[in-house]
Structures are given as C-alpha cells and as structure tokens.
Amino acid sequence: MAGPLDYEAATSHTITVKATSSDGSITSGDFVIAITNANDNLVVLSDSNAAANTVAENTAIGTTVGITALGTDADTGATVIYALTDNAGGRFAIDPATGVVTVAAPLDYETATSHTITVKATSSDGCVQSGDFVINLADVDEIPPSVAIGGITEDTGVPGDFLTRDNALVFSGTAEAGSSVQVTLTGGGGQVFRTTVIADGAGTWTADRTAAPLADGAYTLTAVATDAAGNSSAPISRSVTIDSTAPAAPTIAAQTAFSAQPVITGTFGAADAAGGFTVTVDGRTYTLGVDAALTANGNTWSLDLARAGQTLRVGTYDVVAAARDLAGNISVDQGSNELTVAPVPVMLLEPAAPPAAEAAPPAPPVEPPAPASPLADGVLGQRLETMVVRTLADDAANGPGNRSQVDASLTSDAPGATRIAVMKADEPSLMRFHGVPDQNFDTGSQVRFQLPADAFVHTQQNAVVRITAEKTEGGPLPSWLRFDATTGKFQGTPPADAPREVSVRVTARDSEGREASTIFRIKLTAEKGQREQQPVGRASLTDQLRQQAKRPAHLEKLSRLGANGARRAA
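This is the structure in structure tokens:
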C-alpha cells in the first residue's frame with residue numbers, strides 16, 4: 006500500500022497488473038481491491054439554527070430557544086442522537102432525535118441573565134462529541150401596575166370617608182400611566198356599573214357615573230389596572246355609602262327671657278347630628294363640641310349666653326339650630342322668632358308718704374347698725390318690703406296707675422333648694438338678676454361669704470330652685486373651697502400656693518329645667534390690707550332698696566316690665 010485508504014472516499018479500488026516475460030511476451034490483468042470500513046471519523050457537533058440563542062423570561066414551557074444541535078459523523082451509515090449532560094438546573098430539554106432545545110422550567114431574568122447547557126452527540130458507531138451552548142434571557146416587564154382609588158366627587162360631609170349625599174358620582178384614582186383601569190361598582194347584590202378607562206400621562210384616571218342617579222345605600226367600588234405588557238394589578242376596593250336623607254329637624258324652645266344673657270334650649274337627634282350641630286343667635290354661631298357654652302345631654306341641647314359672654318338687647322330673635330349628619334345632609338329648625346328678650350326689671354322701694362306734721366317726739370336712742378339684708382345673708386322665711394317696678398316710659402306711663410306691685414318674697418323651701426328673690430309675672434321665668442360681685446380676701450385668711458338671694462330672680466313664688474357652683478372653665482371647685490347649696494355659703498381657707506384668682510360659675514336651675522348662670526371671681530390679695538381698700542361686694546338687696554328710695558336719679562335704670570304688666574291688667 007502506497008498511501009492511506011479511506012472507505013468514505015472509495016469503498017474499493019481497481020488496479021491493473023502487467024506481467025512481462027524475459028522472452029519479451031507481456032500479459033496484463035485488472036484486480037479489484039475492496040476497502041473495509043473502519044471507525045476512523047469523529048462526530049462533529051454544531052448549531053444548525055441561525056437564530057440568536059435568546060428566549061424571554063417567563064416564557065411558556067416548550068418554547069424553543071434558538072438552538073438545534075447537529076452532530077455529523079463521516080463514517081458511512083452512522084446516525085447521531087442527542088442528550089443534555091448539563092440542562093442548567095432542569096431549565097432546558099433537548100429532542101434526542103432532532104436536537105431542538107426547548108424551555109423546561111420557568112426562567113427569571115432577575116435571577117440570571119443567561120444559562121449554559123452542554124449537548125452530547127453520540128454516533129451509532131460509538132463516537133461521542135460534546136459541546137456547550139449559551140442561552141441568553143430577555144428581560145420582560147413582569148411588574149404589575151399600581152392602582153389606587155383616590156376619592157369620589159362630591160364627597161360631602163367629611164372628605165375622604167366615601168360617605169356622601171350625592172347620588173351622581175365621579176370616581177377617581179391613580180394608576181401606571183397608560184394602563185387600562187377597569188372600574189366596577191356593585192351594590193344591592195349585583196353589579197351596578199362597570200367601565201374601563203385609561204390612566205393619563207400623569208397617572209390619573211376618572212370614571213363618570215353621573216348619567217343616572219344612584220339609589221341610597223351601600224356599595225363596593227373595585228379597580229383593577231392592566232399595563233401594556235399584560236400585567237394586572239390585584240383588585241382594590243373601597244366601600245361607598247350614599248345617604249341623601251336629612252336628619253330630623255332640631256327644635257328650639259320658645260321663651261320670653263327677662264335676661265340679656267338667657268339660656269336657650271331645644272332638642273335634636275344626637276345620633277343623626279354626628280356631622281355637627283350649631284346654634285346661631287344674633288349673627289353669632291356656636292358649634293357643639295367646640296364652644297363650651299353649647300352643651301348637650303342626650304337629645305337635649307342648651308346654649309348658655311352668659312357662659313358665652315354674649316349679651317342681647319331687648320327684642321325678638323330668630324334662633325337657628327342646624328343639625329348635620331356625616332353625609333353632609335343639613336336640617337334646620339322650622340320655627341322663627343323663638344326668643345324674646347324682655348326688659349329686665351329693677352326693684353325699687355316705694356317711699357312711704359310723709360306723716361302729718363306733729364309735735365316733735367323725743368329723740369330716739371341711737372340704734373346699732375342695721376343687720377345685713379335677709380336675702381344677702383341667707384335668712385330664709387323673711388319678706389322684703391313691698392316693691393314696685395317702674396319703667397322708662399313717658400311720665401304718664403310712670404304714674405301711680407301704671408305701677409305694678411312686685412312680690413319680693415323668696416322662692417319655695419325644699420330639701421337641697423336655695424331660696425331666691427321672687428318678682429311675680431304671668432310667665433314662668435328664671436333669670437340672673439344682680440349676679441354675684443367679685444370677692445376680695447387677704448391671702449391666708451378664711452374665705453367666707455354668702456350668695457346674695459338677689460343674684461337670681463324667679464317669677465313664680467312656688468318655684469323650687471337649686472344652686473350649683475363650679476369653676477368657670479368646668480370642673481369642681483378647688484378642694485379648699487366648699488359651697489353649701491342649701492344655705493348658699495362659700496367657705497374655706499386657701500393654701501399659700503393657691504392661685505390668686507378663682508373664677509366661679511354659679512348656676513340656678515328650677516324643677517322645670519330652666520337655667521340661669523352668673524360668673525364672679527374670688528381674688529386673693531398678697532398685700533395685707535389691700536382687701537380693705539377694695540369693695541368686697543355690693544350692698545345687700547334690702548340696703549340697695551333703701552338707697553334707691555333715697556336716690557331718684559337711679560330711676561334711669563328702671564326696666565320696662567311694670568308698664569307691660571299694667572297694660573295687660575288694663
């Protein structure tokens with residue numbers, strides 16, 4: 006053999022042999038040489054798919070990745086099969102006959118951006134060849150879009166609580182810009198409204214449901230956003246309640262008050278007025294829970310103008326009470342001109358006619374100073390002198406025929422009751438009369454004084470009136486100060502560190518619920534003798550009456566009540 010033989014190149018070769026004899030004769034003949042096949046070629050492995058070896062993350066199982074393994078064996082009759090000796094953790098598979106590689110498990114770009122697999126090609130003649138292939142992953146938007154329900158329009162009442170009186174609503178919220186938002190409203194056991202809107206470039210979406218009014222009731226609003234990649238958000242929901250029914254209208258108790266700072270009362274539905282309750286008097290509005298002068302007990306409200314510091318002039322007032330529920334529905338009282346402030350009477354002693362001239366009697370002995378007023382000192386059961394009420398009307402109206410007698414006795418005695426002055430009138434009324442003057446005491450000395458019986462006045466002699474005392478800002482009196490509600494006495498010794506001033510609110514209440522209040526201060530002076538330089542308080546009622554009888558100029562302060570009584574009598 007002169008050179009290598011290759012079965013794959015030729016399975017046989019023919020040679021010609023020439024025989025030459027010495028005598029010169031020549032003979033030729035052909036001979037065929039058969040080549041026996043031998044396993045002398047290796048398998049060559051390649052990727053016959055010209056596409057990029059790339060696949061998107063999260064692609065479906067069975068998706069091709071761009072690799073088709075091709076193993077070639079030059080040996081005649083050889084066949085090749087394929088297998089993966091490294092399948093990247095089970096992520097890929099190969100067809101043993103075709104060599105096509107596919108996805109076998111979920112792929113995540115954020116975990117690995119590429120994977121390497123090893124393909125083994127085995128020839129039928131036993132020849133084996135292996136090769137590595139890199140598969141790249143393509144990143145895919147797999148993050149679901151955000152979505153939120155922002156509010157409803159109009160959200161009456163408390164903004165943001167999705168409780169409204171509006172039956173035609175616009176829903177709004179935010180989502181990924183360009184995403185589609187499916188908005189669904191359900192209620193009453195079924196779907197009421199569904200629409201799909203697109204979030205604008207700022208990420209805002211709105212869904213209009215104003216075409217037809219919604220019925221009162223409870224609803225569920227749901228929103229789901231889907232982005233361009235097909236990712237959908239989890240559904241979010243909000244409860245929506247529509248309540249267009251107004252609360253029950255409050256009431257105002259009509260009254261004629263003989264005080265410039267009366268207590269106004271009425272009723273309202275406390276549960277229905279959870280959104281707020283206001284009372285307006287002469288242009289000034291008070292809010293329950295904000296202004297201390299406006300209080301409520303159950304479904305009864307009370308406005309103390311003395312506590313509010315508001316003084317009214319004589320006249321008629323339209324008091325407005327308004328109740329607001331949480332949905333923003335408002336009801337106002339149906340009445341008008343409920344409050345009449347009548348002139349406040351001032352009691353004066355009617356001086357007795359001078360006696361006929363007689364011989365001068367012997368000079369009486371000098372008497373000790375007169376005792377304090379029975380009303381001021383709490384001596385119960387005594388009657389004052391007979392008093393009259395004069396008015397500021399013209400002289401004719403102030404004549405003797407137009408003077409109405411006022412009974413200056415005390416109110417009824419009862420357990421726990423305090424007796425106060427009485428000025429009889431047809432209509433029952435309890436009012437602040439002269440109030441209580443500020444009281445001044447030396448620091449460290451005993452505080453002891455009597456509530457004047459003319460601090461308040463009632464128009465009915467049989468009225469039962471009880472007195473309470475508390476700090477003006479609310480709460481009990483200081484522990485060192487005691488108040489006897491029956492005798493009307495304040496008593497106590499302030500400690501050295503006691504505040505220099507205590508503001509006290511005294512409230513009178515009759516058995517029919519009428520109230521009147523007055524405020525005064527107890528002042529503790531640091532310098533000895535200072536209290537003697539300041540007025541301790543006004544004179545007692547009896548002393549005032551005596552002084553008024555001696556001072557005709559004080560008639561300028563007379564009230565108009567007497568003239569009114571005289572007209573009714575006429």
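When the letters of the sequence shown are read in order and numbered with the working numbering, they come out as residues 6 to 575. Where a beta carbon is used, it is the ideal one built from N, C-alpha and C, also for glycine. From a predicted model like this one, the values you see are computed outputs, not experimental measurements.
Look at the Cβ atom of residue i, then the Cβ atom of residue j, and state whether they are nearer than 8 Å.
| i | j | result |
| --- | --- | --- |
| THR231 | SER242 | no |
| ALA74 | ALA126 | yes |
| THR169 | ILE66 | no |
| SER53 | PRO150 | no |
| VAL511 | LEU456 | yes |
| GLY193 | GLY222 | yes |
| LEU331 | GLY518 | no |
| LEU344 | ALA265 | no |
| GLN466 | VAL441 | no |
| LEU317 | LEU308 | no |
Is it right to say residue i is buried, meaning 16 or more other beta carbons lie within 10 angstroms of its own, or is it exposed?
| i | result |
| --- | --- |
| ILE148 | exposed |
| VAL319 | exposed |
| THR283 | buried |
| ASN445 | buried |
| SER129 | exposed |
| VAL22 | exposed |
| ASP78 | buried |
| THR290 | exposed |
| ASN334 | buried |
| HIS463 | buried |
| PRO481 | exposed |
| GLN451 | exposed |
| VAL139 | exposed |
| ALA311 | buried |
| ILE527 | buried |
| PRO267 | buried |
| TRP306 | buried |
| ALA558 | Any answer about ALA558 is weak, because its pLDDT of 32 lies below 50 and its placement is not dependable; what the coordinates show is given next. That one is exposed. |
| PRO252 | buried |
| GLU478 | exposed |
| ILE20 | exposed |
| HIS120 | buried |
| PHE176 | buried |
| GLU506 | exposed |
| VAL37 | exposed |
Span of the beta strand (DSSP E) holding residue i?
| i | result |
| --- | --- |
| ARG437 | 435 to 437 |
| ALA328 | 325 to 329 |
| GLY194 | Note, GLY194: premise wrong, no beta strand (DSSP E); not H, not E. |
| GLU520 | 520 to 530 |
| GLY155 | 152 to 158 |
| ASN445 | 444 to 447 |
| ARG289 | 289 to 292 |
| SER177 | 174 to 180 |
| SER336 | 335 to 337 |
| GLY320 | 320 to 322 |
| GLY281 | 281 to 286 |
| THR59 | 59 to 61 |
| LEU344 | 344 to 346 |
For the alpha helix (DSSP H) containing residue i, name the first residue and the last one.
| i | result |
| --- | --- |
| TRP312 | Per the sequence shown, the amino acid found at residue 312 is Arg instead of Trp. 310 to 313 is the span of the alpha helix (DSSP H), which, as asked, contains ARG312. |
Identify the residues that DSSP records as bridge partners of residue i: which are they?
| i | result |
| --- | --- |
| VAL49 | THR77 |
| LYS23 | SER33 |
| LEU299 | LEU308 |
| GLY497 | VAL452 |
| GLU475 | ARG510 |
| ARG487 | GLN496 |
| PHE461 | ARG437 |
| THR200 | VAL188 |
| SER17 | ALA39 |
| ASP418 | Looking at the DSSP assignment, ASP418 forms no beta bridge with any residue, so it has no partner. |
| ASP515 | VAL470 |
| THR272 | THR256, THR305 |
| VAL427 | HIS463 |
| LEU600 | One cannot answer for residue 600 here, as it falls past the ends of the chain, which runs 6 to 575. |
TODO: Write down every uninterrupted run of the alpha helix (DSSP H) in the stretch 67 to 99 whose length is 4 residues or greater and which is fully enclosed by it, in chain order.
DONE: Those alpha helix (DSSP H) runs which fall completely within the stretch 67 to 99 and span 4+ residues do not exist here.
Task: Secondary structure, alpha helix (DSSP H): runs of 4+ residues fully inside the stretch 204 to 270 - done: Whole alpha helix (DSSP H) segments, 4+ residues: zero.
- [ ] At 3 residues or longer, and completely inside the stretch 90 to 146: list those beta strand (DSSP E) runs for me, N to C.
- [x] Along the length of the stretch 90 to 146, whole beta strand (DSSP E) runs at least 3 residues long occupy 97 to 99, 105 to 108, 119 to 128, 133 to 143, reported in chain order.
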